[in-house]
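Trainee: One structure, as structure tokens, below. Some questions next.
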């Protein structure tokens with residue numbers, strides 16, 4: 001057992017850092033540290049650079065075009081990129097549907113879809129939730145009826161992140177209504193350009209547009225877009241959710257968040273000094289700092305076990321729960337650090353390239369919107385309540 | 399001891415409740431947010447007509463002889479409706495300071511028309527470095543002939559764009575952060591040298607940054623005693639805090655009611671999600687939090703007129719701590735129990751959540767007031 005890095009890992013870290021310096025646009029990087037929202041190009045230009053280097057699908061095995069990194073390399077890669085201010089890799093292709101395709105797909109499907117995911121030429125989005133199927137995902141109603149070589153799909157997906165940027169959507173659809181809910185679900189890939197696919201924005205409380213409703217109205221989908229067997233989509237769905245829960249805690253960005261909190265505390269004026277002199281406040285930063293360390297070490301223990309050949313178990317749900325609480329707490333502290341100047345709402349400073357100077361300090365405009373927005377982390381990817389149900393049932397046997 | 403409302407107070411509560419219910423439906427409010435002012439003159443005229451603008455002032459000041467309980471009653475309903483009219487800056491803060499420190503001439507010129515609905519105010523105290531310290535003021539007022547000249551910056555001034563007069567806290571003597579040496583000035587909002595940068599706040603109110611560039615005012619612009627404004631300001635802010643706590647209790651009632659309704663009707667796994675014990679207990683905690691918030695607000699409203707400034711300050715800070723804690727719990731829980739819907743712009747809960755969050759940040763957050771309360775309690 002050893003926490004220290006080997007010399008080759010040091011060289012690897014330097015390589016990743018140099019790559020980020022060369023390929024991450026300064027404007028994108030600036031958005032990360034000022035808390036602005038990224039636009040499509042911030043993500044896609046960066047992801048294409050990663051793709052070209054062979055690093056976008058960094059968790060994939062070599063066999064499918066991944067770099068074949070070990071757990072330590074992945075860990076270092078994620079941390080260095082977060083430190084450098086890179087946008088998080090949009091998970092829908094490389095982290096979600098990609099592994100489903102190489103695990104459950106046919107050779108033809110692998111050849112057809114994996115290259116576009118690895119290169120970021122094709123953007124994906126996730127068609128899971130529906131108005132009546134949130135926590136109770138298996139209750140989904142979107143219907144796919146087989147007609148010859150096609151499925152005819154009708155229904156509505158919701159909370160679809162970046163559907164407005166998506167070329168393809170992977171959907172859970174109901175192909176059999178006669179059986180138990182989980183047994184009549186299939187995993188279907190749908191080209192967003194197919195007639196009958198409509199995207200409607202959902203505006204969140206911070207004014208941002210990330211999520212959408214996706215309406216599917218008599219959408220004709222070729223049968224060869226079915227992944228796995230018909231009515232066995234729930235297996236793909238669960239496999240994907242377990243993968244999602246592992247990365248969703250986003251420890252590297254929380255570590256960056258803690259160091260940004262300390263910077264804000266050093267910059268915020270207080271009684272002639274700064275907020276860094278306020279021990280009540282700095283103790284709260286220390287508290288969240290330690291929580292991040294506990295989470296990181298727990299995650300490493302899971303990854304280390306997986307490296308020995310294990311699959312992520314239900315205990316991954318605890319990482320998701322704690323990770324979301326930590327992200328929320330960091331956002332809350334950042335807002336509290338700003339104080340009264342968190343009140344002005346400055347959408348121009350959040351969404352647009354602007355020469356406007358912010359009202360108050362530079363770190364003020366995103367503080368409150370981020371706090372509001374981060375409430376989503378305990379809801380998406382399986383709510384905290386659902387994760388705890390999973391742990392109590394699967395891990396504790398209650 | 400009697401904690402029940404009088405018949406008049408019940409009537410006031412009913413009429414405020416009706417106003418919020420009828421004039422502040424979700425869609426109406428959205429329309430009001432989109433207007434140029436961000437509030438409606440016809441509503442303000444109605445406040446004047448109903449006597450709300452003068453209810454908390456003494457009869458000799460032209461008011462109707464009510465007090466903090468009347469303010470509490472109305473603010474609570476304003477919280478339920480997320481009412482946007484600038485009652486807090488104009489009546490509670492502006493009117494409150496004029497009533498407490500103003501000369502007879504100032505009361506006649508400012509307070510009387512305010513009660514009639516013809517004048518509005520803004521209170522400019524905060525500066526970039528002030529954080530929650532009411533004495534950390536550097537905007538300078540220097541003697542100029544018989545009058546004064548004001549130069550400096552003020553931030554997050556609510557209602558500055560609609561106000562007729564801005565009440566400005568300025569340093570006339572003393573060093574940075576010294577409570578002694580502060581003076582209040584009533585400045586015409588259109589005064590030469592006064593410029594504004596307007597913006598909406600997170601919770602859809604309107605505020606401004608103000609820059610004072612050698613703004614000249616006469617000697618009669620001084621509100622209260624030169625160099626001695628701090629006690630006036632501290633008291634006015636304590637009163638504003640208690641009024642805001644009442645608003646927050648209204649917000650909590652509304653957000654809890656919306657959440658309760660949602661978990662009774664939203665079905666997952668074949669049942670209303672309110673059937674799940676984990677949500678039942680959370681909902682009970684929301685209810686308890688709102689009860690505690692109401693209790694502390696009532697206590698503070700009853701103590702805010704106390705002659706002893708320490709009693710008053712402890713009551714205000716104590717209530718603000720509770721409101722911060724309860725508001726956060728109810729707001730975050732409402733969002734969680736609504737799921738994704740809770741953070742969309744189209745649901746009322748997200749708007750209550752934003753207002754509750756901003757109330758915590760105004761005039762000192764939970765942590766600040768816990769420290770203030772603790773210091774006062776330890777000194778006793």
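Chains as they are written, first to last, in this note's numbering: chain A, 1 to 398; chain B, 399 to 778.
Ideal Cβ placement from N, Cα and C applies to all residues, glycine included.
If you're wondering where the values come from, they're calculated on a predicted model, not measured in any experiment.
1) Could you please give the first and the last residue of the uninterrupted beta strand (DSSP E) stretch that includes residue 172(A)?
2) Alpha carbon to alpha carbon, how far is residue 270(A) from residue 276(A)?
3) Please determine, among 756(B), 571(B) and 746(B), the residue with the shortest C-alpha to C-alpha distance to residue 427(B).
4) According to DSSP, is residue 58(A) helix, strand or coil?
5) Whose Cβ in chain B lies nearer than 8 Å to the Cβ of residue 167(A)?
6) Flag residue 331(A) as yes if its beta-carbon sits less than 7 Å from any beta-carbon of chain B, otherwise no.
7) Please list, in chain order, all residues of the same chain as residue 467(B) whose beta carbon is under 7 Å from its beta carbon, the five residues on each side excluded.
8) Are the segment 745-765 of chain B and the segment 636-654 of chain B in contact at 8 Å, needing three or more beta carbon pairs?
9) Out of 35(A), 2(A), 315(A) and 123(A), point me to the one whose CA is closest to residue 48(A)'s CA.
10) Identify whether residue 126(A) lies in helix, strand or coil by the three-state DSSP scheme.
11) Any heavy atom of the ligand ADP closer than 6 Å to the beta-carbon of residue 640(B)?
12) Which residue from 116(A), 118(A) and 274(A) puts its Cα closest to that of residue 527(B)?
13) Is DSSP giving residue 209(A) helix, strand or coil here?
14) Any contact between the segment 464-480 of chain B and the segment 445-455 of chain B? By contact I mean 3 or more CB pairs, one from each, below 8 Å.
15) Which residues mark the beginning and the end of the beta strand (DSSP E) in which residue 151(A) is found?
16) May I ask you to report which of helix, strand or coil DSSP gives residue 165(A)?
17) Residues in the same chain with beta-carbon distance under 6 Å from residue 252(A), minus the five sequence neighbours each way, listed in chain order, please.
18) Below 9 Å on C-beta distance, what does residue 734(B) contact in chain A?
19) Which residue marks the beginning of the alpha helix (DSSP H) containing residue 300(A), and which one marks its end?
20) Using only the alpha-carbon positions, how far apart do residue 613(B) and residue 592(B) sit?
21) What number of angstroms, rounded off, separates the C-alpha of residue 641(B) from the C-alpha of residue 325(A)?
22) Write down the C-beta distance between residue 160(A) and residue 127(A) rounded to the nearest angstrom, noting that I regard them as a contact closer than 8 Å.
23) Note down, in chain order, all residues in the segment 728-758 of chain B with a beta-carbon under 8 Å from any beta-carbon belonging to chain A.
24) Residues of chain B with a CB under 7 Å from the CB of residue 159(A): which are they?
25) Between the Cα of residue 414(B) and the Cα atoms of 478(B), 599(B), 573(B) and 435(B), which residue gives the shortest distance?
26) At 4 residues or longer, what runs of the alpha helix (DSSP H) sit wholly inside the segment 626-692 of chain B?
27) Give the single residue among 473(B), 458(B) and 497(B) whose Cα lies nearest to the Cα of residue 410(B).
28) Does DSSP put residue 578(B) in a helix, in a strand, or in coil?
29) State whether the segment 369-386 of chain A contacts the segment 325-342 of chain A, with contact taken as three or more CB pairs (one from each stretch) at a distance under 8 Å.
30) So which residues of chain A does residue 667(B) contact, with C-beta pairs closer than 8 Å?
31) Is the Cβ-Cβ distance between residue 690(B) and residue 731(B) less than 7 Å?
32) Please confirm whether residue 190(A) and residue 169(A) have their CB atoms less than 7 Å apart.
33) Please list, in chain order, all residues of the same chain as residue 312(A) whose beta carbon is under 8 Å from its beta carbon, the five residues on each side excluded.
34) Could you compute how far the alpha carbon of residue 548(B) sits from the alpha carbon of residue 248(A)?
Mentor: According to the data block:
1) Note, residue 172(A): beta strand (DSSP E), 168-174.
2) Annotation: residue 270(A) to residue 276(A) spans about 9 Å, alpha carbon to alpha carbon.
3) Taking only the C-alpha atoms, the option nearest residue 427(B) is 746(B).
4) DSSP places residue 58(A) in coil when its eight states are reduced to three.
5) Per Cβ cutoff of 8 Å: no residues; residue 167(A) is ~24 Å from chain B at best.
6) Judged by the 7 Å Cβ criterion, residue 331(A) is not in contact with chain B.
7) Taken in chain order, the residues that qualify are 407 and 699.
8) They touch, by the three-pair rule.
9) Nearest to residue 48(A) by alpha-carbon distance, out of 35(A), 2(A), 315(A) and 123(A), is 123(A).
10) Reduced to three states, the DSSP call for residue 126(A) is strand.
11) As far as ligands go, the structure on display features none, and thus does not contain the ligand ADP.
12) It is 274(A).
13) Correct three-state label for residue 209(A): strand.
14) Verdict: yes, contact present.
15) Element bounds for residue 151(A): 150-157.
16) In the structure shown, residue 165(A) adopts helical secondary structure according to DSSP, grouped into three states.
17) For residue 252(A), where only same-chain residues beyond five positions count, the Cβ hits under 6 Å are 78, 79 and 82.
18) For the C-beta of residue 734(B), the chain A residues within less than 9 Å are, from N- to C-terminus, 375, 378, 379, 383, 384 and 385.
19) Annotation for residue 300(A): the continuous alpha helix (DSSP H) segment containing it runs 279-307.
20) Rounded to whole angstroms, residue 613(B) to residue 592(B) spans 6 Å at the Cα level.
21) In this model, residue 641(B) and residue 325(A) are separated by some 32 Å (Cα to Cα).
22) Their Cβ separation, rounded to whole angstroms, is 6 Å, which keeps residue 160(A) and residue 127(A) in contact under 8 Å.
23) Of all residues in the segment 728-758 of chain B, 730, 733, 734, 737, 738, 740, 741, 742, 743, 744, 748, 749, 751, 752, 755 and 756 have a Cβ within less than 8 Å of some Cβ in chain A.
24) Those are 738, listed as they occur along chain B.
25) Here the closest residue by C-alpha is 478(B).
26) Qualifying alpha helix (DSSP H) stretches, in chain order: 628-663.
27) Of 473(B), 458(B) and 497(B), the residue nearest in Cα terms is 473(B).
28) Coil.
29) Yes, the segment 369-386 of chain A is in contact with the segment 325-342 of chain A.
30) Within 8 Å Cβ-Cβ: 135, 136 and 139.
31) No.
32) Cβ atoms of residue 190(A) and residue 169(A): closer than 7 Å.
33) Within the same chain, residue 312(A) has close Cβ partners 242, 243, 245, 246, 302 and 306.
34) Counting only the Cα atoms, residue 248(A) lies some 53 Å from residue 548(B).
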